[in-house]
Amino acid sequence: MDILEKSNSVAREIYISTRGITRPKDTKKAAGSLENQTEPELSSAKKMMKDLSPLPRKSNSKEKVEGIQTPKKSRSEEKILTVEDMKNDQYAEVKRELEIVKEELNMLKLGMAAALEEKSKGEKQTKTKISSYSSSLQPVKKDTGKESEKKALVEFAKSETQLENEADQISSKIEQAKKKLKDIIVDLQQTRELEFDMRSDSLDHRTGSFRKQEDWQAELEAAKKELALVKEENFQYLTSMDIIRNELKHVMAELSRLKKIEEKSDSIIEDLNSKILKSKTKLEAVSLAVEKAKSIESNLSYTLEQLKTEAENAKKEKELPVKESVNLEAEIHNTKFEIGQIEERLLNATKEFEAVKSSEDLAVENLRSLIENIMTARALVPQQGSLITISKFEYEYLTGRAVGAEEIADKKVAASQAWIEAIKANEKDILIKIDLAQKEIRGKELVEEREALTTKRSNSGKRMVEGAQLYNRKQNWERNARLHRKIMKGNDNSTPSRKDNHNFTPSRKGNDNLAPSRRGNGNNSTPSNKLILAYES
């Protein structure tokens with residue numbers, strides 16, 4: 001039973017390996033592992049067959065010896081019955097083993113059929129690959145000017161090597177499968193011989209009944225027929241293997257023929273590629289020369305433009321310092337002239353200042369002497385009226401101060417008028433802004449009124465509130481505008497009083513200037529007294 005189980009496992013592995021023949025790329029490692037596993041199993045199965053082959057003979061000899069030692073029928077009958085039972089059991093086991101062997105043969109048939117189908121598929125795939133490669137060669141030959149020729153050639157060479165490797169692997173695997181089938185057939189023949197030996201031994205020991213012997217003979221004839229059928233099937237398998245070999249030879253011959261054609265086409269393509277590469281190198285050199293010439297032209301034009309711009313900039317830079325030098329010379333001349341004039345003016349001013357200082361000193365001394373004389377004269381002369389005698393110098397001095405005060409007052413009046421005009425202009429701007437704001441408010445009110453009219457009657461209370469709010473806003477705006485106008489009018493009315501005050505300032509200053517004369521009167525004159533200025537000739 002162990003041998004049969006091992007043979008079953010070997011047959012299954014062979015079937016799996018034959019299925020993987022068409023897929024050499026994916027199952028290289030699996031095939032190697034299966035070969036490594038099946039070889040020791042086959043060797044162990046052969047050893048077991050060799051060990052089991054003498055066992056039935058030994059059992060037969062033992063039974064014969066036992067039969068000789070028991071001459072008595074009474075004792076021998078019981079022993080014969082036990083031996084017959086044992087042999088019947090062995091016969092049943094042999095039948096089972098035969099059925100298992102039949103199943104294995106069926107499995108082998110299926111495996112061979114699958115191998116043939118996969119072989120045909122592989123041939124079809126090789127044919128399709130060859131046709132695809134030949135079809136790919138045609139556009140390669142046509143499109144020789146393209147850069148993809150080298151890649152196509154490399155891929156074609158790789159595909160050729162792959163096809164060769166696949167063919168070698170397929171042939172090697174087929175040979176291995178043939179060897180394994182031969183070993184299995186040998187093992188089956190050995191098992192059949194053992195079965196025949198067992199059956200012959202069992203027939204020798206069956207002396208009890210002739211009917212059983214006839215059954216055994218019929219079974220033996222059936223077994224012989226089955227063996228003949230098995231032999232015929234083996235012969236058919238061998239013939240199919242020969243057919244497969246012949247087909248493989250034809251395939252290899254076709255592959256060699258295609259290789260020769262491909263080598264010729266490769267040589268032609270290589271020549272064309274060499275010519276194309278030479279022409280490409282020439283074209284590349286020409287294109288590079290043209291590009292270099294274009295780049296040189298562009299660089300020259302760019303450099304010429306740069307030189308032109310640089311020349312213009314250099315001219316401008318040269319002209320600028322010349323202009324600047326001319327301007328500087330003119331400015332230096334003018335500054336020198338102005339400095340000379342200023343120096344002359346300073347000299348004249350210093351001279352005038354010295355003369356003025358000397359004249360002022362003299363005038364101060366004269367004033368002091370005159371004041372002293374006047375004071376002494378006034379002290380000596382008794383006052384009989386409201387008239388005061390003043391010297392010519394005092395009269396001129398007082399009139400000159402009054403004229404200066406009037407000029408200052410006129411300037412202040414002009415400044416106040418300008419300020420008033422500016423305020424009026426600001427007021428006009430403010431009024432314009434107020435008018436614009438009122439117009440915007442009116443427009444918003446009209447929009448709100450229109451929106452209020454479009455609303456529903458249920459919102460009448462809200463409308464009244466909004467109308468009251470709008471009315472209040474109008475009143476507030478009008479009040480603010482009125483107040484602003486009143487303020488501006490008050491400012492306009494207040495400006496003339498400022499003018500009057502400015503007009504009165506000279507009189508105040510004149511009174512201040514007359515204060516020294518009052519002191520000379522000895523504080524006898526009242527504020528209501530009129531001052532009469534007399535001119536002493």
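For the sequence shown, the working numbering gives the first residue as 1, with consecutive numbering after it. Positions of the beta carbon are idealized from the N, C-alpha and C atoms, including for glycine.
Per the C-alpha coordinates, the member of E93, E232, I269 and L238 positioned closest to L194 is E93. Taking each of K411, K357 and K392 in turn and checking the Cα distance to L370, the smallest one comes out for K392. Pairing N313 with S301, the inter-Cα distance amounts to about 18 Å. For the pair V290 and L277, the Cα-to-Cα distance works out to about 19 Å.
In this structure, I185 sits away from N246, with a CB-CB distance that is not shorter than 8 Å.
Taken in chain order, the complete alpha helix (DSSP H) segments of 4 or more residues contained in the stretch 250 to 313 number zero; there are none.
Taken atom to atom, the span from the alpha-carbon of R482 to that of Q417 is near 25 Å. K179 is the residue among K259, K179 and E427 whose C-alpha sits nearest the C-alpha of L238. Taking a C-beta distance under 8 Å as the contact criterion, W419 and I441 do not qualify as a contact pair. Take the alpha-carbon of Q162 and the one of S240: they are about 27 Å apart. For E262, the number of other beta carbons within 10 angstroms of its own is at least 16, and it is reported as buried. Taking a contact as a CB-CB distance under 8 Å, the pair V251 and E123 counts as one, their CB atoms being some 6 Å apart. Take the alpha-carbon of K351 and the one of E360: they are about 14 Å apart.
A direct Cα-to-Cα measurement between K316 and V326 gives close to 15 Å. The C-alpha of N348 is placed about 16 Å away from the C-alpha of F337. Counting only the Cα atoms, K225 lies some 42 Å from A253.
Between the alpha carbons of W216 and A222 lies a gap of roughly 10 Å. Here I339 is exposed. Its C-beta has fewer than 16 other C-beta atoms within 10 Å. Sixteen is the threshold: when 16 or more other Cβ atoms of the shown chains lie within 10 Å of the Cβ of I269, as they do, the residue is buried.
One Cα belongs to K292, the other to K282, and the distance between them is close to 15 Å. Ranked by Cα distance from E175, the first of K439, D242 and R257 is D242. Residue L446 holds the alpha-carbon nearest to the alpha-carbon of Y471 among L453, L446 and E451.
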